[in-house]
Amino acid sequence: MLLRTISVLLLHLSSLYLRLGAASVAPCSCSSVIVPVHVNVLVPKDPTDVFGGLKSNETSQRRVNATYDIYGVFCQPKAGNEDVLQLLAHGGSYTSQYWSPPIEEFQNYSYTAFSCERGLPSLAVDLLGAGLSSRPANASDVQFPTSAAALSQLAQHLKTASILPGVRPFQKIIGIGHSLGSALFNFGAIVDGVQSPFDAIVLTSILVFGPNDPPPGSGTSAVLIAARDADPLRWRTLDPAYVTINDRTAFYPPDPTEYSPRMLLFDGFTKDVISLSMAVQAASSSIPAANYTGAVAKVVGAKDQVLCAADRCVDVEALTAAEQVVWPAAKSFEILVLQGSGHDLDLDFRAGAAFETIFGLVTKFSK
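Take the sequence shown: its letters are residues -23 to -1, 1 to 344, numbered as in mature numbering (1 follows the signal peptide of the UniProt record, and there is no 0).
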């Protein structure tokens, strides 16, 4: 455990050094933070309930009432908008490093640095059960209701309390998710409705799947395996219901010349875990968020091997019409399809275009 913690911290430190340089000249400052959040929710007794308990009755549920530590990296510009915070949630089998990997190849792969240099602060968190955040011994405690509630509680806290001395509470918080992180913001919008602490949400690398759509990841070799079998040195003591994804190529464009082989190596070295419950409960994204009234945008890559098989993302107008029905009360809704990008928008050679798109949406929603 100590070795794992040290290695993850060193990767975070190297990322910050590469991205932001010496503190005396950097336009931003970044700090590691740990924020305790209290979660009191009902979760399905059956952890493979694909709807995360949204369609279950109370007798089929149990209560999780616990306080968890959520780890994050807070990046603050020396000058810029101090009222709006971007809360960044990574995808399954990743950590907060997705938003700022320590890779340099004549381009910037760090969205946190990109947005910070343009005057917007961010908090990139490790989801419950991942990275340096609390990892319950029982993987079935890490379900969509608990993980989404942790994000909502964190956002509510940051609107009323200082994240660091000298930083005032934020007036607006915009949730930005990647893949599983997007699904959690989606779930939170369903549960919280008009009480949501998120003023807007940007959901990347996620789409609703209907009965006639090819299943997510069909045609790829990506599979879930018990984390303790995938890497016994790191995870031999984990509940077998903590899983990981070994084949990372599915997250990149099918043409290997469109991403760096060093990034793929880094991806494999830093892969993390998710609970099996979280993997199956992503289906809850098909349930309408009937009472969420903030702005919503989705951003997907046209070459996303997980979501866009069988030319699913070619007709953007039809895709938007199909997706918009689950956001009937949203202030606005739009889908942007980025040509050439894969599932991990931040990690291929077109990351800069993805950053411009996400930042543009956040800027619009911040007004």
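From the three backbone atoms N, C-alpha and C, an ideal C-beta is built for every residue, glycine too. Everything numeric in this text was worked out from a predicted model, so none of it was measured.
Would you check if the distance between the CB atom of residue 373 and the CB atom of D176 is smaller than 8 angstroms? One cannot answer for residue 373 here, as it falls past the ends of the chain, which runs -23 to 344.
Restricting to Cα atoms, I'd like to know which of F51, D216, T340 is closest to S252. Sequence index remark: in the sequence shown, residue 252 carries index 275 (1-based). Checked all of F51, D216, T340; the closest Cα to S252 is D216.
Per DSSP, N17 forms a beta bridge with which residues? Looking up residue 17 in the sequence shown gives position 40. Residue pairing from DSSP places N17 in a beta bridge opposite N42.
Inter-residue spacing [alpha-carbon to alpha-carbon] between T25 and V179: Taking the first residue of the sequence shown as 1, we reach residue 25 at position 48. Taking the first residue of the sequence shown as 1, we reach residue 179 at position 202. Cα atoms of T25 and V179: separation of roughly 27 angstroms, rounded to the nearest angstrom.
On the criterion of 16 or more Cβ atoms from any shown chain inside 10 Å, does residue 345 qualify as buried, or is it exposed? Because the chain spans -23 through 344 in this model, residue 345 falls outside it and cannot be assessed.
Contact check, I264 vs L31 under 8 angstroms by CB: the rounded distance? Position 287 of the sequence shown, counted from the start, is the residue given in the question as residue 264. Position 54 of the sequence shown, counted from the start, is the residue given in the question as residue 31. At roughly 6 angstroms, the Cβ-Cβ gap stays under 8 angstroms, so I264 and L31 are in contact.
Can you give me the C-alpha to C-alpha distance between G245 and G143, rounded to a whole angstrom? Counting from one through the sequence shown, the residue named residue 245 turns up at place 268. Counting from one through the sequence shown, the residue named residue 143 turns up at place 166. For G245 and G143, the distance between alpha carbons rounds to 38 angstroms.
If I follow the unbroken beta strand (DSSP E) through S198, where does it start and stop? Mapped onto the sequence shown, residue 198 falls at position 221. For S198, there is no enclosing beta strand (DSSP E), as DSSP marks it with neither H nor E.
Contact check, N58 vs S343, beta carbons under 8 angstroms: By one-based count along the sequence shown, residue 58 stands at place 81. By one-based count along the sequence shown, residue 343 stands at place 366. Yes, Cβ-Cβ distance for N58 and S343 is below 8 angstroms.
V303 beta carbon less than 8 angstroms from that of A266: Here residue 266 is taken as the residue at index 289 of the sequence shown, counted from 1. Here residue 303 is taken as the residue at index 326 of the sequence shown, counted from 1. Cβ distance < 8 angstroms, so A266 and V303 count as in contact.
Sort E300, C7, E235, V220 by Cα distance to S117 and report the nearest one. Against the sequence shown, residue 117 aligns to sequence position 140. Check the Cα spacing between S117 and each of E300, C7, E235, V220: the tightest is with V220.
By a C-beta neighbour count over all protein chains shown, 10 Å radius and 16 as the cutoff for buried, is G337 buried or exposed? Numbered from its first residue, the sequence shown carries residue 337 at position 360. Label assigned to G337: exposed.
Cβ-based neighbour list, G271, same chain, cut-off 7 angstroms, excluding 5 preceding and 5 following: Within the sequence shown, the letter at position 294 stands for residue 271. Contacts found: S173, F175, D176, A177, I178, A307, K308.
Please classify G29 as buried or exposed, where buried requires at least 16 neighbouring CB atoms within 10 angstroms. Here residue 29 is taken as the residue at index 52 of the sequence shown, counted from 1. In summary, G29 is buried, with 16 or more beta-carbon neighbours lying within 10 Å of its beta-carbon over all protein chains present.
Name the DSSP bridge partner or partners of F243? By 1-based counting over the sequence shown, the position of residue 243 is 266. Its beta-bridge partners do not exist; DSSP assigns none.
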